[in-house]
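Notes for the one structure printed next.
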Amino acid sequence: MHRTLPAILFVLVALTPGRAAAQEPRLAGRLPDQTRRDVEALLDSARTAGLPTEPLVDRALEGATKHAPGERIVAAVRRLAADLAASRDAFGAGVSDAEIAAGASALRAGARADDLARLREIRSDQPVTVAAAVLTDLVALGVPPDTATAAVLALAERAKDSEYLAFRRNIERDVALGATPVAALEFQMQSAANLFDAGPGRAAGAANRPRKP
Amino acid sequence: MAEHDDRLDRAIALLREPVPLDADLDRRIAERIAALPAPRRAGPLRLAARWLVERRLRVRPVWALAAAAVLMVVTWGVRGLIPAPPPAATTAAAPGLQTVRFVVLAPGAAHVSLVGDFNDWTEDATPMQRIATSDLWAASVPMKPGRYRYAFVADGTTWLVDPDAPPALDDDFGRPNSVVTIGGS
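Chains A and B are the protein sequences, given in the same order. Position in the first sequence (first residue = 1) + 9 = the numbering used here. Position in the second sequence (first residue = 1) + 173 = the numbering used here.
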């Protein structure tokens, strides 16, 4: 419960009227005036809360390019801001903006805040951006959120970013070839375990095959 | 069955009978050949072609190896003069950046753009280049480690996802995106 408190506080602060908002020049000419004012108020709240604002600007600009209605853009930015707040709270202090953004996507995909905290704890010596992103991607491929989370946490101690990406790519390939997402995940988990048991050089070699990330 | 065997035997016997030839046949063939026009004298092109087609080179194995070595040296030298092709996937760029190659199939499109978190979702920021005369379009973008959502826009109206990338789950505007993740370790 205590992990959702900052997100709730963020929403309350963001909804407070009469706040002076800083100008974001990239929104000029891309959003209707009222939508721009509402988004800038949300950006100002995010800055005050110490959250990254770049993902919020990106979301607003995406909505503008897709010709979404103003209220829908504002709602999307507000929701993302709440996710960012929850992600930052789950990871704790000292994480980068990219990590917070990746964590927000993982939460949206169904991961729990406690799982993100655990991921950060295990990978305390390296960024969690890719691990959280792979968790999200696995859910997008059809792996249930709990199963995807368990897999990402199981790899967290030994996998490099490149190995996480190779792991996700292999599952994606197996699913494209007809395997069910969970079966593909199980097979690749076993393969990853074998590679790690075989030594770091072999694992890195397998992960460094030239492929698209 | 016996009737079929009888017919077959008769057919074989018929085919084995000698064919009577006209005694004057040889003379008439010789006359036809003599009446044909004389062949033209071969020109230089014809001679060159004949030389190329009919000439047989006999090379000792040691000279063949030497020729192959010279060819390799020349080939490697020429390769150094030709610029390398664009990367097919992710390659190292400036420190901290990786160049990601995006490719999409857009049949019939006259113009394709890449839009995403890395270019403010601006349609004219990253125009894609057509690959030869195909319906494939490509663009290379240097990126910092992180997770980026993106899509392709054909002719300003048709939104396309990347079939070679995971879909983005956080679709707030009814047009799906793809995701690219750049690692740092």
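Idealized CB from N, CA, C, for every residue including glycine.
Between residue 320/B and residue 354/B, the CB-CB gap stays under 8 Å. Using a CB distance cut-off of 8 Å, residue 300/B does not count as an interface residue toward chain A.
Judged by DSSP secondary structure, residue 319/B falls within the beta strand (DSSP E) whose first and last residues are 319-327. When DSSP states are grouped into helix, strand and coil, residue 119/A belongs to the coil group. The continuous stretches of beta strand (DSSP E) do not include residue 57/A, which lies in the alpha helix (DSSP H) extending over residues 42-57. Among the residues facing chain A, residue 342/B is included, as its CB has a counterpart in that chain under 8 Å away.
DSSP links residue 302/B through a beta bridge to 311/B. Contact with chain B is absent for residue 80/A, since none of that chain's Cβ atoms lies less than 8 Å from the residue's Cβ. If you ignore the 5 residues before and after residue 294/B, its C-beta comes within less than 7 Å of the C-beta of 288, all in its own chain and listed in chain order. With contacts defined as CB atoms closer than 8 Å, residue 137/A and residue 129/A qualify as a contacting pair. Neighbours of residue 138/A in chain B, taken as residues whose beta carbon is under 9 Å from its own, are 318, 319, 320, 354, 355, 356, 357 in chain order. Cβ neighbours of residue 200/A within its own chain (closer than 8 Å, five residues either side excluded): 179. At least one CB of chain B lies nearer than 8 Å to the CB of residue 72/A. Leaving aside the five residues that flank residue 346/B on each side, none in its chain has a CB nearer than 7 Å to its CB. Under the Cβ distance rule, residue 328/B does not count among the residues neighbouring chain A, no pair being separated by less than 8 Å. For residue 98/A, there are no C-beta contacts with chain B under 8 Å, since the nearest C-beta of that chain is about 19 Å from it. For residue 71/A, the closest C-alpha among the options 48/A, 203/A, 189/A is that of 48/A.
Taking one beta carbon from each stretch, the region 315-332 of chain B and the region 82-97 of chain A have fewer than 3 pairs nearer than 8 Å; the two do not touch. Secondary structure note for residue 158/A: its alpha helix (DSSP H) is the uninterrupted segment 154-164.
When the five nearest sequence neighbours on each side are left out, no beta carbon in the same chain lies closer than 8 Å to the beta carbon of residue 208/B. Along the region 178-194 of chain A, the positions whose C-beta sits under 8 Å from a C-beta of chain B are 181, read in chain order. Between residue 37/A and chain B, the shortest Cβ-Cβ separation is not below 8 Å. For residue 289/B, the three-state secondary structure derived from DSSP is strand. Residue 314/B places its beta carbon 8 Å or farther from that of residue 324/B. In the structure shown, the three-state DSSP call for residue 34/A is helix. Note on geometry: alpha-carbon atoms of residue 168/A and residue 281/B lie some 43 Å from one another. Residue contact check for residue 152/A against chain B: no CB pair falls below 8 Å. At a beta-carbon threshold of 8 Å, the residues of chain B lying near residue 174/A are 354, 356, ordered along the chain.
Residue 340/B has 351/B as its beta-bridge partners, per DSSP.
Rounded to the nearest whole angstrom, the CA to CA distance from residue 91/A to residue 337/B is 30 Å.
Contact between residue 173/A and residue 357/B is ruled out by a C-beta separation of about 11 Å, above the 8 Å threshold. Chain-ordered listing is empty here: chain B has no CB closer than 8 Å to the CB of residue 129/A, the nearest sitting near 15 Å. As computed with DSSP, residue 274/B is found in a beta bridge with 313/B. Rounded to whole angstroms, the separation of the alpha carbons of residue 67/A and residue 185/A is 30 Å.
Per DSSP, residue 60/A lies in no alpha helix (DSSP H) and is assigned neither H nor E. CA-to-CA, the gap between residue 121/A and residue 305/B works out to about 47 Å.
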